[in-house]
Amino acid sequence: MIDVLLEFCDFCGTCVGVCPTDAITLEQVQLHIDSELCAGCGDCVDICPVGALERQA
Amino acid sequence: MTAAYDIIVAGAGPGGSWAAKAAAENGMSVLMLEKDREVGIPVRCAEGVSVQGLELAAGSVDARWIAATITGARFVAPNGTVIDAYPDDRGYILHRRIFDSDLAERAVQAGARLQTNAFVCGLLLEGGRVCGVRCRCGGRTLDLKARIVIGADGTESRVGRWAGLDTRLPPALMESCVQKTLTGIDVDPGRVEFHLGTMIAPGGYAWVFPKNAHTANVGLGITGEFAAARKPADYLDHFIETRFPGASVLAAVAGGVPVGPPLSRLTGDGIMLVGDAARQANPLTGGGIVNAMIAGRIAGETAARAVRKGRLTRHALSAYEKEWEKTEGRQCRFSYRIKQVVDAFSDEELNRTAELLAAVPPERRSAFQIFRAALVRHPKLILQAAKIFT
Ligand SMILES: Cc1cc2nc3c(=O)[nH]c(=O)nc-3n(C[C@H](O)[C@H](O)[C@H](O)COP(=O)(O)OP(=O)(O)OC[C@H]3O[C@@H](n4cnc5c(N)ncnc54)[C@H](O)[C@@H]3O)c2cc1C
C-alpha cells in the first residue's frame, strides 16, 4: 500500500518510530514495509523528512 | 558469540555506550550490538550540547570531542527581528563521529564487548519476560541469551515494542528533520542561531550550529502534521538559498526527534529502554545526547544491581524509572509544557514578543530577565506562562 522510493531514502528510521503496526524494518541501507502488517494509514508518508515514501495510487 | 551475557545492549549511540560502560564497571558481562558498519556514522545530529550537561553526563570532557565553544545564542523572529542572548551556561558543538566512537571505546575499556554490523531483529521471550535477542550478523541469525536487554536503539527503536512497551509516537509528536553541513560560508564560531516562523519551520525551528568560522550544521525540524503538506527538505533548501546562497555541502542527513511528553514506562521484565528509544530527548530543544547518556548510566547501574540480586522483574528495574524522573525526567515534562505554549504562538505574536525583548539591554538578557520583561510588557504571556507552571 506504501511505495518506498529507495533513491530518495536516507535510512534515518523516522518512519519506523511512528508506524502504528510495527510494519517497517530498517537494516543499514534497506527499508522494508511488511504488506501483511501495514495498515495503510500513511503516517510514515507524512513524517518522512525527504519524501521517500508514497501512497500507492 | 553464542555465550550468555548478563546484559545485552541494542544500539551503540551515546545512550547504549554509557549503559554498557556503567554495567561493565559494575562487574557485568556486557555485549553491545550495533546495526551499522561503524559507530558514530552517519551523524544525524546538530551536535550541540550545554557544557554543564556534558560535564554532568560524561564526568570529564575530552578536547578532541569539541569543534566549537558557544557563548551566545541568536533568535530570529519571523519578521527578521534579532534577539541576541548570552546564557549563563556555555555550549559546545561536538564532533559526534569522534565522540560516539570514543564513548563506545570507553565501554569496551570498561570490559564490554562491541559488535558492529549486528542487527537486532527480535527478542527472545520466555513466559512473557525478555531473556535475550535475535541478531543478524555476518549473514547468520543468532539467538543470544541475556539476563537483561537494554534497548538503546534510537528514534527508530522497536526493541521496546517487541517487549510490549508502547513507544510509538503519532507524527504530531515527532520532529521530522533534515540537516546539511555547509562549508564555504561565514559564521560566528561562538554563536548558535535559531530561526522561528511558519514559513521557515512550522512546529519547530531552523538552526545554525557552527563547527568553525566557515562550516556549520544548518538544519530544521517540523512536526509531522506539517511535514505531510511540505517536506522539511524543501523548507531547508529555501532557508539555505536565502541565508547561505552558494554554500557547499559537506554532508546531508535526515532524522527524527521524539518531542512528546515523557513515557511513564521504560522497563518490563528483563527489559529497559534508554535515550531516544525511551523518547528521552528534551521536547522543547530536541537535545537528546546528554539525556541519553544520563539515562544510560542509571540504567546500566540499576541493571547491574538487579542481576547481582537475581531479581530481573519490572519491579526491580523500575528503580531506574524513578531515578530518571527525579533527575532529567521532570525537566523533560516541564519542557514539554513550554513547547505546547510556544507552539501556540502565531508568527505575529512571536514578532511582537521579539520586538519587546529587543528593548532589553543584551547584558540583561538572561533567561529570567527576558521572561520577566516579556511578562510585564506582553500580558497575554502571563496567561500562557500560568499554563506552564500549573
Ligand atoms: C537532525 C537532528 C539534529 C539533532 N541535534 C541535536 C543536538 O544538537 N543536540 C542534542 O543533544 N541532540 C540532538 N539530536 C538528538 C540526538 O541525536 C539524539 O537524541 C541522540 O543521538 C540519542 O542517543 P541514543 O544513544 O539514544 O540514540 P542514537 O544516537 O540514535 O543511537 C542509536 C543506535 O542504535 C542503532 N540501532 C538502531 N536499531 C538497531 C537494531 N535493531 N540493532 C542494532 N542497532 C540498532 C543505530 O544504528 C544507532 O547507532 C538531533 C537529532 C537529529 C535527528
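Residue numbers (the working numbering), protein chains in the order written: chain U, 1 to 57; chain Z, 1001 to 1390. Ideal placement from N, C-alpha and C gives every residue a C-beta, glycine not left out.
- Rounded straight-line distance, which links the Cα of Gly1260 (chain Z) to that of Gly1286 (chain Z): Translated into positions along the second sequence, residue 1286 (chain Z) becomes position 286. Translated into positions along the second sequence, residue 1260 (chain Z) becomes position 260. Using only the alpha carbons, I get a separation of about 10 angstroms.
- Message: Please return the same chain residues whose Cβ sits closer than 6 angstroms to the Cβ of Val1009 (chain Z), not counting the five positions on each side in sequence.
- Response: Indexing the second sequence from 1 puts residue 1009 (chain Z) at position 9. For Val1009 (chain Z), where only same-chain residues beyond five positions count, the Cβ hits under 6 angstroms are Gly1016, Ala1019, Ala1020, Met1032, Ile1150, Ala1152.
- Query: Just checking my contact of Gly1224 (chain Z) with Ser1157 (chain Z) at CB under 8 angstroms: how many whole Å lie between their CB atoms?
  - Reply: Looking up residue 1224 (chain Z) in the second sequence gives position 224. Looking up residue 1157 (chain Z) in the second sequence gives position 157. Actually they do not touch by this definition, with Cβ atoms about 17 angstroms apart.
- Query: Is the shortest distance between the beta-carbon of Gly1256 (chain Z) and the beta-carbons of chain U less than 8 angstroms?
  - Reply: The residue you call residue 1256 (chain Z) lines up with position 256 of the second sequence. Yes, contact with chain U.
- Task: Would you verify that the beta carbon of Thr1285 (chain Z) is, or is not, closer than 8 angstroms to some beta carbon of chain U?
- Result: Stepping through the second sequence from its first residue, residue 1285 (chain Z) is reached at position 285. Cβ-Cβ to chain U under 8 angstroms: no for Thr1285 (chain Z).
- Message: What does the alpha-carbon distance come out to for the pair Asp1102 (chain Z) and His1214 (chain Z)?
- Response: In the second sequence, counting from the first residue as 1, residue 1102 (chain Z) sits at position 102. In the second sequence, counting from the first residue as 1, residue 1214 (chain Z) sits at position 214. Taking the straight line from one Cα to the other gives about 26 angstroms.
- Message: Using C-beta distances below 6 angstroms, list every residue in its chain close to Ala1252 (chain Z), excluding the 5 sequence neighbours before and after it, in chain order.
- Response: In the second sequence, residue 1252 (chain Z) corresponds to position 252, counting from 1. Its chain contains Lys1180 as the residues whose beta carbon lies nearer than 6 angstroms to that of Ala1252 (chain Z), once the 5 sequence neighbours on both sides are disregarded; these appear in chain order.
- Quick one: Cα of Asp1088 (chain Z) to Cα of Asp34 (chain U), how far? Taking the first residue of the second sequence as position 1, residue 1088 (chain Z) is located at position 88. Taking the first residue of the first sequence as position 1, residue 34 (chain U) is located at position 34. If you take the alpha carbons of Asp1088 (chain Z) and Asp34 (chain U), they lie about 50 angstroms apart.
- Task: Keeping to the same chain, check which residues put their C-beta closer than 8 angstroms to that of Leu1236 (chain Z); ignore five residues upstream and five downstream.
- Result: Walking along the second sequence from the start, residue 1236 (chain Z) turns up at place 236. Here the set comprises Val1178, Gln1179, Lys1180, Ala1206, Val1218, Gly1219, Leu1220.
- Message: For the pair the region 1055-1066 of chain Z and the region 1032-1046 of chain Z, tell me if three or more CB-CB distances fall below 8 angstroms.
- Response: No, because fewer than three Cβ pairs between the region 1055-1066 of chain Z and the region 1032-1046 of chain Z fall closer than 8 angstroms, the two stretches do not touch.
- Message: Do Leu1124 (chain Z) and Arg1113 (chain Z) have their beta-carbon atoms positioned less than 8 angstroms apart in this structure?
- Response: Looking up residue 1113 (chain Z) in the second sequence gives position 113. Looking up residue 1124 (chain Z) in the second sequence gives position 124. No; because the gap between Cβ atoms is not below 8 angstroms, this pair is not in contact.
- Message: Assuming contact is defined by CB atoms lying nearer than 8 angstroms, are Val1290 (chain Z) and Val1049 (chain Z) in contact in what I supplied?
- Response: Translated into the one-based positions of the second sequence, residue 1290 (chain Z) becomes position 290. Translated into the one-based positions of the second sequence, residue 1049 (chain Z) becomes position 49. It is a contact, given that the beta carbons lie within the stated cut-off.
- Indicate whether the contact test is met: 3 or more Cβ pairs, each with one atom in the region 1240-1255 of chain Z and one in the region 1288-1307 of chain Z, closer than 8 angstroms. They do not touch, by the three-pair rule.
- Query: Cα-Cα, which of Z:Phe1119, Z:Ala1073, Z:Tyr1005, Z:Gly1011 is closest to Ala1292 (chain Z)?
  - Reply: Locating residue 1292 (chain Z) in the second sequence gives position 292, where the first residue counts as 1. It is Z:Gly1011.
- Message: Given a cut-off of 8 angstroms on the beta-carbon distance, is the pair Trp1324 (chain Z) and Ala1295 (chain Z) in contact?
- Response: Start at 1 with the first residue of the second sequence, and residue 1324 (chain Z) comes out as number 324. Start at 1 with the first residue of the second sequence, and residue 1295 (chain Z) comes out as number 295. Cβ atoms of Trp1324 (chain Z) and Ala1295 (chain Z): closer than 8 angstroms.
- Task: Express the C-alpha separation of Asp1143 (chain Z) and Asn1117 (chain Z) in angstroms, rounding to a whole number.
- Result: Counted from its first residue, the second sequence places residue 1117 (chain Z) at position 117. Counted from its first residue, the second sequence places residue 1143 (chain Z) at position 143. Separation of Asn1117 (chain Z) and Asp1143 (chain Z) (C-alpha to C-alpha, rounded to the nearest whole angstrom) is 16 angstroms.
- Nearest chain U C-beta to Leu1142 (chain Z) closer than 8 angstroms, yes or no? If you number the second sequence from 1, residue 1142 (chain Z) lands on position 142. Using beta-carbon distances, Leu1142 (chain Z) does not count as an interface residue toward chain U, since no partner is under 8 angstroms.
- Closest Cα partner of Cys41 (chain U) within the set U:Cys9, U:Val29, U:Thr21: For the purposes of this step, residue 41 (chain U) is taken as the residue at position 41 of the first sequence. Distances from the CA of Cys41 (chain U) to each of U:Cys9, U:Val29, U:Thr21 were compared; the closest alpha carbon is that of U:Thr21.
- Do you know offhand how far Asn1212 (chain Z)'s Cα is from Ile1093 (chain Z)'s? The sequence position of residue 1212 (chain Z) within the second sequence is 212, counting from 1. The sequence position of residue 1093 (chain Z) within the second sequence is 93, counting from 1. A direct Cα-Cα distance of roughly 9 angstroms separates Asn1212 (chain Z) from Ile1093 (chain Z).
- Bridge partners of Asp1084 (chain Z), per DSSP? Within the second sequence, numbered from 1, the residue matching residue 1084 (chain Z) stands at position 84. Per DSSP, Z:Arg1074.
- Could you check which residue in Z:Leu1317, Z:Leu1284, Z:Arg1129, Z:Gly1072 has the C-alpha nearest to that of Lys1339 (chain Z)? As a working mapping, residue 1339 (chain Z) is identified with position 339 in the second sequence. It is Z:Leu1284.
- Message: What does the alpha-carbon distance come out to for the pair Ala23 (chain U) and Asp46 (chain U)?
- Response: Taking the first residue of the first sequence as position 1, residue 23 (chain U) is located at position 23. Taking the first residue of the first sequence as position 1, residue 46 (chain U) is located at position 46. The straight-line gap from Cα to Cα measures roughly 16 angstroms.
- Residues of chain U with CB under 7 angstroms from Ala1110 (chain Z), in chain order? For this step, residue 1110 (chain Z) is matched to residue 110 along the second sequence. What Ala1110 (chain Z) touches in chain U: nothing, since even the nearest Cβ is about 27 angstroms away.
- Item | Glu1348 (chain Z) - containing alpha helix (DSSP H), residue span | For the purposes of this step, residue 1348 (chain Z) is taken as the residue at position 348 of the second sequence. Per DSSP, Glu1348 (chain Z) is one residue of the alpha helix (DSSP H) stretching across 1347-1358.
- Are the C-beta of Phe1119 (chain Z) and some C-beta of chain U separated by less than 8 angstroms? Along the second sequence, one-based indexing puts residue 1119 (chain Z) at 119. Cβ-Cβ to chain U under 8 angstroms: yes for Phe1119 (chain Z).
- Message: For ligand 1, is there any heavy atom lying closer than 7 angstroms to the beta carbon of Phe1119 (chain Z)?
- Response: The residue given as residue 1119 (chain Z) occupies position 119 in the second sequence. Using a cutoff of 7 angstroms, the CB of Phe1119 (chain Z) counts as near ligand 1, since one of the ligand's heavy atoms is closer than that.
- Compute every distance between the C-beta of Leu1114 (chain Z) and the non-hydrogen atoms of ligand 1, then say whether any falls below 7 angstroms. Here residue 1114 (chain Z) corresponds to residue number 114 of the second sequence, with the count starting at 1. Because no heavy atom of ligand 1 lies under 7 angstroms away, the Cβ of Leu1114 (chain Z) does not count as near it: no.
- What first and last residue would you give for the beta strand (DSSP E) that runs through Met1028 (chain Z)? In the second sequence, residue 1028 (chain Z) corresponds to position 28, counting from 1. Annotation for Met1028 (chain Z): no beta strand (DSSP E) segment contains it, and DSSP assigns it neither H nor E.
- Query: Over what stretch of residues does the alpha helix (DSSP H) that includes Glu1105 (chain Z) continue unbroken?
  - Reply: The count along the second sequence starts at 1 and reaches residue 1105 (chain Z) at position 105. Where Glu1105 (chain Z) is concerned, the enclosing alpha helix (DSSP H) stretches over 1096-1109.
- Message: Can you tell me whether Arg1333 (chain Z) is buried or exposed? The criterion is at least 16 other CB atoms within 10 Å of its CB, across all chains shown.
- Response: The residue given as residue 1333 (chain Z) occupies position 333 in the second sequence. When all chains shown are included, Arg1333 (chain Z) counts as exposed.
- Message: When you compare the CB of Asp3 (chain U) with every CB in chain Z, is at least one pair closer than 8 angstroms?
- Response: Looking up residue 3 (chain U) in the first sequence gives position 3. So, not an interface residue.
- Candidates Z:Ile1098, Z:Ala1104, Z:Asp1036, Z:Arg1097: closest to Ala1024 (chain Z) by CA position: Taking the second sequence and counting its residues from 1, one reaches residue 1024 (chain Z) at position 24. Out of Z:Ile1098, Z:Ala1104, Z:Asp1036, Z:Arg1097, Z:Ala1104 has the C-alpha closest to the C-alpha of Ala1024 (chain Z).
- Applying a beta-carbon distance threshold of less than 8 angstroms, which residues of chain Z neighbour Leu26 (chain U)? One-based indexing of the first sequence puts residue 26 (chain U) at position 26. Simply Glu1156.
- Query: Can you find a CB in chain U that lies within less than 8 angstroms of the CB of Val1076 (chain Z)?
  - Reply: Taking the first residue of the second sequence as 1, we reach residue 1076 (chain Z) at position 76. So no, Val1076 (chain Z) is outside the interface.
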